[in-house]
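This report concerns only the one structure given below.
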């Protein structure tokens with residue numbers, strides 16, 4: 462009888478553990494599926510500018526725009542063309558989900574900081590990092606956000622500078638926050654000519670630089686498992702353009718609209734130099750076969 466009793470208890474324990482594991486797995490996938498649902502219960506959702514960075518978009522963004530690959534390119538440029546070591550202090554403005562900061566963390570850099578205007582992006586970035594600090598702030602909201610001479614490197618990558626209208630103020634603040642000899646790396650494009658294909662599009666591997674603006678590809682369509690994604694750009698005739706993204710699932714639609722302030726490349730360089738920056742290197746991206754996109758490294762002398 463003792464053997465039978467122990468055997469029964471053992472079997473009941475196994476059954477209970479199986480039930481608990483099944484419940485745990487169900488909850489995980491149930492939460493994830495709810496989180497990633499882009500369309501909710503409304504047939505049409507419109508998000509504008511900073512509003513677009515909600516939980517769904519943050520989950521999809523890195524895949525659509527190949528953030529991991531871009532971050533490797535940015536990291537390579539910084540390591541190759543600047544003086545940097547384990548004591549360096551790095552700030553990533555518009556850090557997104559923290560892919561670039563993760564490159565530094567993985568390679569032994571402890572003093573890493575990030576900034577983004579999206580609370581969801583900040584939370585995602587912080588969860589992806591073991592070290593460092595991420596803050597939810599507008600980079601031009603307060604010149605005293607950081608003390609003078611704090612950082613050895615400040616980075617502004619993947620079109621972040623074009624989400625900021627007052628670029629002169631941004632550059633001025635960054636110059637103050639940098640130490641003497643410090644570097645600022647910026648992703649800069651030629652607005653009239655750079656290619657606008659979404660990186661995860663099938664067209665992207667065949668991307669080329671267009672010499673005539675009318676030949677540019679300004680639209681992308683990507684068929685995903687859960688939705689159809691399209692991206693397009695509307696030109697205002699001024700210094701700004703509107704980037705539209707549409708997610709379609711049957712008759713249900715989510716649309717993102719974001720204004721980008723496309724200041725001319727030479728104007729941005731002139732601004733930086735008037736503040737006191739000097740160009741160290743104008744590099745390219747391995748990922749982007751487009752001569753109209755550059756990663757420019759400035760130095761505070």
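Residue numbers (the working numbering): 462 to 762.
We put the beta carbon where it would ideally sit given N, CA and C, even for glycine.
Which residue wins for smallest C-alpha separation from residue i, given the options the options?
i	options	result
residue 751	720, 648 and 702	648
residue 622	733, 591 and 746	733
residue 512	731, 603 and 715	715
residue 645	510, 756 and 572	756
residue 702	536, 741, 517 and 724	724
residue 617	575, 593 and 581	575
residue 565	558, 551 and 731	551
residue 526	607, 745 and 660	660
residue 744	707, 528, 508 and 534	534
residue 541	521, 741, 579 and 625	741
residue 505	514, 709, 726 and 747	709
residue 600	727, 569, 619 and 624	624
residue 721	700, 568 and 559	700
residue 568	558, 539, 577 and 582	539
residue 746	532, 728 and 583	532
residue 652	683, 585, 727 and 687	727
residue 608	684, 642, 664 and 634	634
residue 523	677, 589 and 643	589
Grab me the residues of residue i's own chain with a C-beta within less than 6 Å of its C-beta, minus the 5 sequence neighbours each way, in chain order.
i	result
residue 492	Low per-residue confidence applies at residue 492: pLDDT is 38, beneath 50, and the placement is therefore not dependable, though the value from the model is reported in the following sentence. Closer than 6 Å at Cβ, skipping near neighbours: no residue.
residue 544	none
residue 587	595
residue 754	650 and 655
residue 640	610 and 613
residue 762	739
residue 749	none
residue 580	597
residue 717	508, 513 and 706
residue 530	748
residue 629	732
residue 553	561, 562, 575 and 616
residue 681	658, 659, 662 and 692
residue 689	709
residue 626	722
Would you grab the beta carbon distance between residue i and residue j for me? Rounded to a whole angstrom, and I think it's under 8 Å.
i	j	result
residue 693	residue 705	5 Å
residue 593	residue 573	4 Å
residue 558	residue 602	Rounded, the Cβ-Cβ distance is 22 Å, inconsistent with contact.
State yes or no: is the beta carbon of residue i nearer than 7 Å to at least one beta carbon in chain B?
i	result
residue 590	Within the model displayed, chain B is absent; a lone protein chain is all it includes.
Determine the extent of the beta strand (DSSP E) in which residue i is found, giving its start and end residues.
i	result
residue 578	Premise fails: residue 578 is in no beta strand (DSSP E) and is neither H nor E.
residue 740	738-744
residue 761	754-761
residue 594	594-597
Might you give, ordered along the chain, the residues of its own chain that have their beta carbon closer than 7 Å to the beta carbon of residue i, omitting 5 neighbours on each side?
i	result
residue 696	702
residue 679	657, 693 and 694
residue 510	719 and 720
residue 591	566
Ordered along the chain, which non-local residues of its own chain (more than five positions away) have a Cβ less than 8 Å from that of residue i?
i	result
residue 737	636, 761 and 762
residue 547	569, 570 and 571
residue 515	508 and 581
residue 496	A caution first: residue 496 carries a pLDDT of 44, below 50, which makes its placement in the model too unreliable to give a value.
residue 536	561, 564, 565 and 568
So does residue i have its beta carbon nearer than 6 Å to some heavy atom of the ligand FMN?
i	result
residue 508	By its list of ligands, the structure shown contains no ligand whatsoever, and the ligand FMN lies outside what it can speak to.
### Message
Quick check on the DSSP output: what are the complete alpha helix (DSSP H) runs of length 4 or more inside the stretch 599-682, in order along the chain?
### Response
628-638
#### Entry: Complete alpha helix (DSSP H) runs within the stretch 503-575 (minimum length 4 residues, chain order)
516-525, 528-542 and 560-567
### Query
Along the chain, which unbroken stretches of the beta strand (DSSP E) at least 3 residues long are found entirely within the stretch 688-728?
689-696, 701-710 and 713-722
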